[in-house]
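**Q** Would you mind keeping the following structure in view while I ask a few things?
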Ligand code: ADP
Ligand code: ASP
Ligand code: MG
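What follows is the structure, given as structure tokens:
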């Protein structure tokens, strides 16, 4: 039985007309697959509206109740879409995560999928040609509804594709593939035919919201080919796939940015063993995700530690740091929210030197100051002032010739 998983994002299901377009895609897919599992997001803006409601009702919304609330956005989408499919005579039904179930841990707001009952899904597929599954949501072992983090419907889709051995997981969105950078801020961005899982993972974790990070982790782990494409065109989109040797010919394949950043500095603390553990231990215990970390060279036995976090974590982080600072002898806790990250990514970086220098030189030429630097094997990330981030994206895109007529990565025949 050939099963295809298709996921449609919030803009694709926002109105009746758009859902009718989605129905065309699903009906078209039934010509070359036996069964379709459709994963839907909430209609555009709905999740934000529900989160705003929670904040109006409560000063500190209970995380489990918040998940129950925001998961309703996807429930509305699947109910409406299943009706449309039935109207045209298809054997279809909606499924909430708990009805399958898609079991997760109980980390509300950011739950991880532990198990999917694929036997139950296969038995539903014996009765129906199309299953319409609510993305973004899961079900903890005690039956409570969880959500997988913002953008998590991508992860629902790839996890379902892995569980069902789907031939491919198609992610339909409002752009026709993965571009060399966000096409909405750089008009010369070019669509890639293919991108390696590793590169996509770095792009997603460095802020490119085209795919949820965990969806790429799943795809890489279970070798699920993922195709990102548009609901509104017939373009074949971008295949996210295994790396091959031709991909290394291009040493920077994309530029990502992330404005959701804040920087915290602990000033003038004693440079003695245990200080870093004392700073980052309590943050980790509260689930705060620290990203870049820089510790200065010791001067007169003292140092500074600077780190970045997502902006929404600033308040709890500062509260923790106010407690930690006096205990470890730091004289001041400083913070800055007007910062953003820009990253150049490419598997080819492994074999090419000089990428970092070209990156620094390009920003220097435009007078953009670099506040922090971090690197990995296939990525270089710079923290800069937020007001320069779009300019920096365009400069780096140009510096690495991403809009030029360079050989792209055609799919092998
Ligand atoms: P959906 O609601 O369909 O999940 P998202 O808004 O989550 O859609 O993701 C699509 C958006 O991702 C695009 O509109 C685009 O602005 C943004 N984006 C960021 N980086 C890239 C990139 N490298 N290629 C394509 N789109 C990107
Ligand atoms: N509706 C959720 C969100 O807006 C999940 C998703 O769209 O993937 O984050
Ligand atoms: Mg998304």
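In this note's numbering, the protein residues as written are 493 to 905. Every residue gets a Cβ at the ideal spot worked out from N, C-alpha and C, and that includes glycine. The model shown is predicted, which means the values in this text are computed figures rather than measured ones.
Verify the contact flag: residue 569, CB atom, against every heavy atom of the ligand MG, threshold strictly below 8 Å.
**A** no
**Q** Could you check if residue 580 is buried or exposed, using at least 16 other CB atoms within 10 Å of its CB as the buried criterion?
**A** exposed
**Q** Is the distance from the Cβ of residue 557 to the Cβ of residue 534 below 9 Å?
**A** no
**Q** Out of 792, 887, 787, 760, state which residue places its alpha-carbon closest to the alpha-carbon of residue 931.
**A** Summary: the structure shown does not reach residue 931, with the chain confined to residues 493 through 905, and so no result is reported for it.
**Q** Just verifying my parser: in three-state terms, what is the DSSP assignment at residue 817?
**A** Helix at residue 817.
**Q** Apply the 10 Å Cβ neighbour rule to residue 796 and answer buried if 16 or more other Cβ atoms are within range, or exposed otherwise.
**A** buried
**Q** Which residue from 815, 844, 835, 861 puts its Cα closest to that of residue 888?
**A** 835
**Q** Would you kindly work out how many angstroms separate the C-alpha atoms of residue 813 and residue 623, rounded to a whole number?
**A** 48 Å
**Q** Looking only at C-alpha atoms, which of 560, 498, 737 sits nearest to residue 543?
**A** 560
**Q** What residue range is occupied by the uninterrupted alpha helix (DSSP H) comprising residue 570?
**A** 564 to 579
**Q** Just how far apart, CA to CA, sit residue 662 and residue 720?
**A** 6 Å
**Q** Taking the C-alpha atoms as reference points, what is the distance between residue 904 and residue 787?
**A** Reliability of the predicted coordinates at residue 904 is poor, the pLDDT of 43 falling under 50, and the value obtained from them is presented with this limitation in mind. Spanning the two alpha carbons is a distance of roughly 46 Å.
**Q** CA-CA distance, residue 791 and residue 651?
**A** Roughly 50 Å separates the two Cα atoms.
**Q** Can you tell which of 610, 621, 660, 592 has the C-alpha that lies nearest to the C-alpha of residue 631?
**A** 592
**Q** Which same chain residues, not among the five before or five after residue 752, have their C-beta less than 6 Å away from its C-beta?
**A** Contacts found: 802, 803.
**Q** For residue 894, which residues in the same chain have their Cβ closer than 6 Å to its Cβ, ignoring the five residues on either side in sequence?
**A** 672
**Q** Is the distance from the Cβ of residue 699 to the Cβ of residue 683 below 9 Å?
**A** no
**Q** Using a threshold of 9 Å, state whether the C-beta atoms of residue 654 and residue 732 are closer than that.
**A** no
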